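The next block holds one structure in the form of structure tokens; read it before the comments.
There are 2 protein chains.
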Amino acid sequence: MKICLAQINSKVADLKYNAEKICKLIESCQALPIEQKPDLIVFPEMALTGYTPKDLLFHEGFRRDCQNILKEEIIIKITIPTLIGSIHEEFGNLYNSVFFIEDKQIKKIIHKKLLPNYEVFNEKRYFSSGSSDKLSDYLIQVKKQNLGILICEDLLGLENNFEFNDFNNLEKLKNLSEKDNQSFDSIICLAASPFREGQPEKRLKILKKAHQDYFKASNFVLINLVGGQDDLIFDGNSLILNQNGELLYSAKSFEEEVKVIDLNQKLETPNALPDKNKLQEIIGALILGIQDYFAKTGFKKAFIGISGGIDSALVACLAERALGSENVFGVMMPSKYSSEGSIKDSEKLLTNLKIKSKCISIEEILQVYLKQIGLSQLTLAEENLQSRIRGTTLMALANAEGALVLATGNKSEFAVGYATLYGDMCGAIAPIGDLYKTQVQEMSKFFSEIPTEIIIKPPSAELRPNQKDTDSLPDYAELDKILKFYLEDKLNAAEIIEQKGFSAELTKKIINLIKKAEFKRQQAPIILKVSGCSFGSDWLYSVITR
Amino acid sequence: MKICLAQINSKVADLKYNAEKICKLIESCQALPIEQKPDLIVFPEMALTGYTPKDLLFHEGFRRDCQNILKEEIIIKITIPTLIGSIHEEFGNLYNSVFFIEDKQIKKIIHKKLLPNYEVFNEKRYFSSGSSDKLSDYLIQVKKQNLGILICEDLLGLENNFEFNDFNNLEKLKNLSEKDNQSFDSIICLAASPFREGQPEKRLKILKKAHQDYFKASNFVLINLVGGQDDLIFDGNSLILNQNGELLYSAKSFEEEVKVIDLNQKLETPNALPDKNKLQEIIGALILGIQDYFAKTGFKKAFIGISGGIDSALVACLAERALGSENVFGVMMPSKYSSEGSIKDSEKLLTNLKIKSKCISIEEILQVYLKQIGLSQLTLAEENLQSRIRGTTLMALANAEGALVLATGNKSEFAVGYATLYGDMCGAIAPIGDLYKTQVQEMSKFFSEIPTEIIIKPPSAELRPNQKDTDSLPDYAELDKILKFYLEDKLNAAEIIEQKGFSAELTKKIINLIKKAEFKRQQAPIILKVSGCSFGSDWLYSVITR
């Protein structure tokens, strides 16, 4: 059996755009010479709607549009058997569904059984669970082959051994197939599984485990969405295992790909996932995240405040890769507290990156503010004021050019509130807002445009004379460790102190800072998610909790 | 039977504070002379944790602290039968539970059956549903009386005839009680039901319907939480119906109240809810919302930009009522586009309110910015710049005083994006962010401090010469109607045009503006919720959806 993996980049809720993309792809498959033609085309989960339209799903008009465009624009064009993810409404229930279409007709609709409602997922807000009582709730046939159809969590819930789910779906499916004395030639899973560090490798492991523990004689096909969507980055990386559980094919990361694969082809030597550096993988994710935010909101140009520090340098590099040097503007905004080195290093960076640049001193603006407001120098209020003048300046430049601002804050700063709201927190997105400072330092080494001076200098906000981040924060190496234990591993103060050996004073201080900074995070730009716990749809905390 | 309604204001996740409040109240009940002593004390849903700790519930340490403080600080003090809402963990499942405590022991733990996961509710993210198989899953006995214990949605789901829930819980309970041949003397419901316009009256209707349709011979007791919690305002308004379904008692709105009520007392004439004007009710909610945000985050003082328009005037009045005139600072920040009337009207308002004031011209700051940035006048960029200078000025003043800024935007503006991010959108909370402009206009008439000139003048942002809001927006009367149809009734463009008779051009323009403004709302201050659909935890939309 030949399967066409249609790893596409849908736009959330842009049904017309998605339908056109889907139709074009189907038509090009149908136009192939007979020996190359696939037996089945598979699109990802919710390929027609994008993942996820969120509360738009409550609008009856939107739901109706989904059904209509599928019926009127897509189905009538399909002759080759095709699986498309979309939504389906039936008896007042809404489902996350797969449409099996053949000969211009819907042959079957299969609903998602396990609805993830944790981390970034919120599916129980919108969907009902599909029935899982009978084998026919999962099964379709193509060319007399039995195909088991699963949707994302239905299979990937195995990652946590289905402990976040209502039941073990693979166990259930296995039992149903044994009861009916049927076996699956292939298990096909349509997914919208977002990127996080190490996730592509983890998906392969899950597939191999599902093969090993449940369906030893089946092929496994995992087709994943690709593309940036607000804070989430879908990485593609679709996978195929042959009946021996060996990796037959792995699709591209962070790119659309359409590929016809013969499931029965002989495998001389088993494939492996391309050996990628973890940070390089994250770089790929961030570039796609930036690219798609701009492309999908219709913007082209980005403004970045260049401080001479490592954070803004890295953001400038990522933006240059994502948008092209002609679309990125670096703005230096020195004050009397800016060191000479910072300005020189910034200039070097801007020259290396070949991006447009501007230098606007904030000193005169600051002085007028201080005079008009009657504010003292060298106070926290003055520090924040400098940061807000820079934010305002950047926004004005961006407004005048129809551009967006990229925020340069990192995860360590967002965590402890070492950032100024409406100041350096200005921006449409924060590309490195899910990277700890220590990760920023490591990642910067991959960009030859960043002068060594920037990489090695001690971090400073330069908002008062000779300021260093370590004046008010511990060394980032130590800070980031504590943050990780608290944020990703969900350890509490006692556990971090007793099990990990950090001082009680420091640990409590940091956790307290995290809680007190919640009001800032609630007004933060969109932070591109690359970790297991980012400050975004995966972070729901109350502001008044102190 | 005498019941003590303990309508308390918990602080989310401040277990020590909540436990102390609970203990003090229990001790004072226990110290009452025997004839006044209640037979049962009832606290609201999640009274110990506050509603709701959100992702803190994922922290094992927090869950353990909840169990420990209940056991070690509270239970040991309780002799009178008491019902307290908190969380309970069992076999790896977390429940939203009621603890029935007597003689210093937990006699029973009853779990919530129906978990709301719509609008502002997200309970399936955290909790498992309690079993509802047996009558004992609901039943406790006090003084040989049968009491049916429900938690919020378990009863209030009746509002939507349980269509958002997995089953009709009242039907189920009725069937179980008939099967076991048991009847309930009272149904007691512990709730954390947030305020929205008309909600207190609706709760009474629900209770009466539950009495009428399911348990005609039972008393009904609904004990509700009170207090502001981020965007949600719990209004109290606890209710008691006697066995005839008549209103026996209604507790205070927007205040804590502890009251012992004899369920069997004779009712000469049935009570009714106090007849309140809808807008006055909303004013009460907003004042509590402001008050609690400040009290619970530890702030006292507020800064408000006073423009001479109606929005800032109303916010200043609400803040004065909530925080006291000595804690509110009105700041006028005129530019050359400010009309003479605006400055005079502002001064009149500030004098009437007896709040401190300051006048800082932004003209010189604006000119320096324009020069330094090289920006043209009379562009959108210049308009935004003025707004951001004002935001920055307010933030600097507030920073210097350890105060918070209140944003003055209304719902009509947040909807269509007629507000400047990092400018007039600066602030910790937006007190009138869930009021349409037409509501703001109506509500202002309740405040005698607002000069008539402010109420009758045509709305203007005064960011360019002779600007009026109607230059770029339709009349607010018309705009607000379309917004309501789209936001609250979830009608789509076609329905608004065909069924409601608005022009296609205008309707589509407005819906388009709503979508395009999503990036602003994602960085907006906390908006106090008073409507059925506010821009906050009840509004989940993707930014890139256009």
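Top line first, the protein sequences correspond to chains U and L. Under this note's numbering, the residue at position 539 of the first sequence is numbered 539, and the numbers go up by one with no gaps. Under this note's numbering, the residue at position 64 of the second sequence is numbered 610, and the numbers go up by one with no gaps. Heads up, the beta-carbon is just placed ideally off N, CA and C, and yes, glycines get one too. As the structure is a prediction and not an experimental result, all values here were calculated from the model.
Any beta carbon of chain L sitting closer than 8 Å to that of F167/U?
Position 167 of the first sequence, counted from the start, is the residue given in the question as residue 167/U. F167/U does not count as touching chain L.
Check the Cβ of K1036/L against every Cβ in chain U and list those closer than 8 Å, keeping chain order.
One-based indexing of the second sequence puts residue 1036/L at position 490. Near K1036/L (Cβ distances below 8 Å), the residues of chain U are F58, H59, E60.
Considering just the uninterrupted stretch of the alpha helix (DSSP H) at L913/L, what are its terminal residues?
Along the second sequence, one-based indexing puts residue 913/L at 367. Just to set this straight, residue 913/L is Gln in the shown sequence, not Leu. Start and end: 909 to 919.
Mind listing the chain L neighbours of D230/U? Cutoff is C-beta to C-beta under 7 Å, in chain order.
By one-based count along the first sequence, residue 230/U stands at place 230. By Cβ distance, chain L contributes S1088, V1089, I1090.
Tell me T628/L's beta-bridge partners as DSSP assigns them.
Within the second sequence, the letter at position 82 stands for residue 628/L. Its beta-bridge partners are I587/L, I647/L.
What does DSSP give as the partner residue(s) for D262/U in the beta ladder?
Here residue 262/U refers to the residue found at position 262 when the first sequence is read from its first residue. For D262/U, which the question treats as bridged, DSSP gives the partners K2/U.
Identity of the residues DSSP links to V951/L by a beta bridge:
Counted from its first residue, the second sequence places residue 951/L at position 405. For V951/L, which the question treats as bridged, DSSP gives the partners F849/L.
Is the Cβ of S1080/L closer than 8 Å to any Cβ of chain U?
Position 534 of the second sequence holds residue 1080/L. No, no contact with chain U.
Beta carbon of C863/L, beta carbon of L834/L: below 8 Å?
Position 317 of the second sequence holds residue 863/L. Position 288 of the second sequence holds residue 834/L. No, they are not a contact pair.
Say whether chain L places a C-beta atom closer than 8 Å to the C-beta of Q372/U.
Against the first sequence, residue 372/U aligns to sequence position 372. Yes - at least one Cβ of chain L is within 8 Å of the one on Q372/U.
Within the continuous alpha helix (DSSP H) that includes I1026/L, where are the two ends?
Start at 1 with the first residue of the second sequence, and residue 1026/L comes out as number 480. With the sequence shown as reference, residue 1026/L is identified as Asp, and Ile is not the correct amino acid for it. Looking at the DSSP string, the run of the alpha helix (DSSP H) that includes D1026/L is 1022 to 1033.
In terms of alpha-carbon separation, which member of M46/U, I496/U, T438/U, K179/U lies closest to I456/U?
As a first step, residue 456/U is located in the first sequence; it is residue number 456 there, counting from the start. Here the closest residue by C-alpha is T438/U.
Can you tell me the Cβ-Cβ gap for L48/U and L15/U, rounded? I've got them flagged as a contact below 8 Å.
The sequence position of residue 48/U within the first sequence is 48, counting from 1. The sequence position of residue 15/U within the first sequence is 15, counting from 1. At roughly 7 Å, the Cβ-Cβ gap stays under 8 Å, so L48/U and L15/U are in contact.
DSSP state of I527/U, grouped into three classes?
For this step, residue 527/U is matched to residue 527 along the first sequence. In the structure shown, I527/U sits in a strand (DSSP, three-state: E or B).
Shortest alpha-carbon distance to I655/L belongs to which of L629/L, K583/L, S556/L?
As a position in the second sequence, residue 655/L is number 109, starting the count at 1. Out of L629/L, K583/L, S556/L, L629/L has the C-alpha closest to the C-alpha of I655/L.
I need the straight-line Cα distance from A1007/L to Y964/L, nearest angstrom please.
Against the second sequence, residue 1007/L aligns to sequence position 461. Against the second sequence, residue 964/L aligns to sequence position 418. Distance between the alpha carbons of A1007/L and Y964/L: 9 Å.
Length at least 3, wholly inside the stretch 811 to 892 of chain L: the beta strand (DSSP E) runs in chain order:
848 to 851, 874 to 878
On the DSSP bridge list, what partners appear for S732/L?
If you number the second sequence from 1, residue 732/L lands on position 186. Paired residue(s): L693/L, N765/L.
Could you check which residue in S674/L, F1065/L, D776/L, P1011/L has the C-alpha nearest to that of L591/U?
Nothing about residue 591/U can be reported from this structure: the residues present for chain U run from 1 to 546 only.
If you drop the 5 nearest sequence neighbours on each side, which residues of the same chain put their C-beta closer than 6 Å to that of K208/U?
Within the first sequence, the letter at position 208 stands for residue 208/U. Result list for K208/U: G245, in chain order.
Neighbourhood of F1031/L by C-beta distance below 7 Å, restricted to the same chain and skipping five residues each side
As a first step, residue 1031/L is located in the second sequence; it is residue number 485 there, counting from the start. Around F1031/L: L1037, I1042, K1046.
To the nearest angstrom, how far is it from the Cα of I140/U to the Cα of S128/U?
As a working note, residue 140/U is residue 140 in the first sequence. As a working note, residue 128/U is residue 128 in the first sequence. About 21 Å.
Tell me which residues of the stretch 1006 to 1021 of chain L have at least one Cβ-Cβ distance to chain U shorter than 9 Å, keeping chain order.
none
Supposed close pair I527/U, A430/U - CB separation, criterion 8 Å
Locating residue 527/U in the first sequence gives position 527, where the first residue counts as 1. Locating residue 430/U in the first sequence gives position 430, where the first residue counts as 1. Rounded, the Cβ-Cβ distance is 5 Å, consistent with contact.
Alpha-carbon to alpha-carbon, L463/U and S361/U
Position 361 of the first sequence, counted from the start, is the residue given in the question as residue 361/U. Position 463 of the first sequence, counted from the start, is the residue given in the question as residue 463/U. Answer to the nearest angstrom: the Cα atoms are 14 Å apart.
K902/L: first and last residue of the uninterrupted beta strand (DSSP E) it sits in
As a first step, residue 902/L must be located in the second sequence, where it is residue number 356. Looking at the DSSP string, the run of the beta strand (DSSP E) that includes K902/L is 902 to 905.
Short CB-CB distance (under 8 Å) between T843/L and chain U:
Translated into positions along the second sequence, residue 843/L becomes position 297. Yes, contact with chain U.
Could you check how far apart the C-beta atoms of N564/L and G596/L are, in whole angstroms? I think they sit under 8 Å.
Taking the second sequence and counting its residues from 1, the one referred to as residue 564/L is at position 18. Taking the second sequence and counting its residues from 1, the one referred to as residue 596/L is at position 50. The pair is a contact, with the Cβ atoms about 6 Å apart (cut-off 8 Å).
Between the alpha carbons of T549/U and A31/U, how many angstroms are there, rounded?
Outside the shown range of chain U (1 to 546) lies residue 549/U, about which nothing can therefore be said.
Going by beta-carbon coordinates alone, are R388/U and M971/L separated by less than 8 Å?
Within the first sequence, residue 388/U is the residue found at index 388, counting from 1. Within the second sequence, residue 971/L is the residue found at index 425, counting from 1. It is not a contact, given that the beta carbons lie outside the stated cut-off.
Cβ closer than 7 Å: which chain B residues qualify as neighbours of C426/U?
In the displayed structure, chain B is absent; the protein chains listed are U and L.
Kindly indicate the opening and closing residues of the alpha helix (DSSP H) around G607/L.
Translated into the one-based positions of the second sequence, residue 607/L becomes position 61. G607/L -> alpha helix (DSSP H) spans 606 to 615.
Mind reading off the beta-carbon distance from F220/U to I187/U? Whole number of angstroms is fine, and I expect it under 8 Å.
Against the first sequence, residue 220/U aligns to sequence position 220. Against the first sequence, residue 187/U aligns to sequence position 187. Yes, they are in contact, since the Cβ atoms of F220/U and I187/U sit about 5 Å apart, within 8 Å.
Cα-Cα separation, N271/U to I74/U
Mapped onto the first sequence, residue 271/U falls at position 271. Mapped onto the first sequence, residue 74/U falls at position 74. Going by the C-alpha atoms only, they are around 35 Å apart.
Can you tell me the Cβ-Cβ gap for P740/L and L778/L, rounded? I've got them flagged as a contact below 8 Å.
Numbered from 1 along the second sequence, position 194 holds the residue referred to as residue 740/L. Numbered from 1 along the second sequence, position 232 holds the residue referred to as residue 778/L. About 4 Å separates the two Cβ atoms, so the contact holds.
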